[in-house]
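No gaps in the numbering here: position 24 of the sequence shown is 57 in the numbering used here, and each next residue is one more.
Here a beta-carbon is modelled for each residue, glycine too, at the ideal position from N, C-alpha and C.
Note that the structure is a prediction, hence the values are computed from the model and not measured.
Following: one structure in structure tokens, then a few remarks.
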Amino acid sequence: MLRVVSFGLLLGLLHSEWALAQSIRKVIREDGRVEYTNVSDDGVTYVTRPPKSGEKGKVTYESIYKYRSDDGVITFTNQKPKGKKAFVTRRYAKFSCYACRPKTSVDWYKTALNTEAYRDHVSASAKEFAVDPALIRAVMHAESHFKKGAVSSQGAQGLMQLMPATAAELGVGNAFDPAENIRGGTKYLGELLTSYKGDITRATAAYNAGPGAVAKYDGVPPYAETQAYVKRVGILYKRYQKAGG
Numbered sequence: 034m035l036r037v038v039s040f041g042l043l044l045g046l047l048h049s050e051w052a053l054a055q056s057i058r059k060v061i062r063e064d065g066r067v068e069y070t071n072v073s074d075d076g077v078t079y080v081t082r083p084p085k086s087g088e089k090g091k092v093t094y095e096s097i098y099k100y101r102s103d104d105g106v107i108t109f110t111n112q113k114p115k116g117k118k119a120f121v122t123r124r125y126a127k128f129s130c131y132a133c134r135p136k137t138s139v140d141w142y143k144t145a146l147n148t149e150a151y152r153d154h155v156s157a158s159a160k161e162f163a164v165d166p167a168l169i170r171a172v173m174h175a176e177s178h179f180k181k182g183a184v185s186s187q188g189a190q191g192l193m194q195l196m197p198a199t200a201a202e203l204g205v206g207n208a209f210d211p212a213e214n215i216r217g218g219t220k221y222l223g224e225l226l227t228s229y230k231g232d233i234t235r236a237t238a239a240y241n242a243g244p245g246a247v248a249k250y251d252g253v254p255p256y257a258e259t260q261a262y263v264k265r266v267g268i269l270y271k272r273y274q275k276a277g278g
């Protein structure tokens, strides 16, 4: 029997050989504790590949420890257990939002665009939710730099960095599946654009900081990360428009 506890960055484990051979479920307990387990229980199945190492300064790593609990269950956690003999099974990459760091050496007016990746998925979602494909691509670029396995320190997942709760509300079963992630992210963008009557600045601010923050400040919130993000998405959007989406 296998049980994986401590939410942290344990999705990385799900690509190991033993995980691919069985169904891994995410279970949220009443006390808020999150577990990943192959034991039958209510939850969502996640079997996915962890992200590859990215550029310097964009990736941090956490150790995943393996040990046997008192009841004999093999357990994996990102916190070193006290009083238990444990060893590191792998180190898992954590991505930060590509366009969110206020201080960066990236020239957003010249950085290379990616007009080909996931073209069919972008086109289909753009048509379904009436969102400019150039905006979808700009957000994807800003969020994950087109890394489908990206996971943020807050737990946002995939190409368009969907939080698990948001992904569930959008009907996304596997946020690491490009088609599902892009469709979910585009659906959310479309909802925000409708809510803000087509105001891309407010919509992208809400995508980053949440609609509550936009409502509180009646516009782009005074967060350095969000202000940088909105500006950079705007630059990328215009460039992707000129490049044909």
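Please confirm whether residue i and residue j have their CB atoms less than 9 Å apart.
i    : j    : result
V247 : Y229 : yes
T148 : G278 : yes
T237 : V155 : no
H279 : Y142 : Beyond the ends of the chain as shown, which are 34 and 278, falls residue 279; an answer cannot be given.
G206 : E213 : yes
V253 : R272 : no
S102 : K117 : yes
L225 : A242 : no
Name the residue from the options whose alpha carbon lies nearest to the alpha carbon of residue i.
i    : options                   : result
P135 : K264, F162, R272 and T237 : K264
L192 : A198, E202, R216 and G204 : R216
F209 : A239, Y221, E224 and A189 : A189
T137 : A261, G231 and G206       : A261
A201 : A183, K113, G182 and Y221 : Y221
R152 : Y100, P211 and A242       : P211
V266 : A276, I233 and G245       : I233
V139 : K99, G204 and H178        : H178
Would DSSP call residue i helix, strand or coil?
i    : result
R101 : strand
V106 : coil
Q190 : strand
L203 : coil
V253 : coil
V247 : helix
V164 : coil
V139 : coil
L195 : strand
Y151 : coil
Please tell me whether residue i has its Cβ less than 9 Å away from any Cβ of chain B.
i    : result
A132 : Among the chains in the structure shown there is no chain B, since it carries only a single protein chain.
Which same chain residues end up closer than 6 Å to residue i when comparing Cβ atoms and leaving out the 5 residues on each side of it in sequence?
i    : result
T219 : S158, F162, V164 and I169
E258 : C133
Excluding the five sequence neighbours on either side, which residues of its own chain have a C-beta within less than 7 Å of the C-beta of residue i, listed in chain order?
i    : result
P166 : V155, S156, A159 and G278
D104 : none
L146 : R272, Y273 and A276
A150 : F179
Kindly list the residues whose CB is nearer than 8 Å to the CB of residue i, restricted to its own chain and excluding five residues on each side of it in sequence; keep chain order.
i    : result
R256 : Here residue 256 is Tyr; the residue named in the question, Arg, does not match the sequence. Closer than 8 Å at the Cβ level, and outside the excluded window around Y256, lie A242 and A246.
M196 : Q187, G188, A189 and Q190
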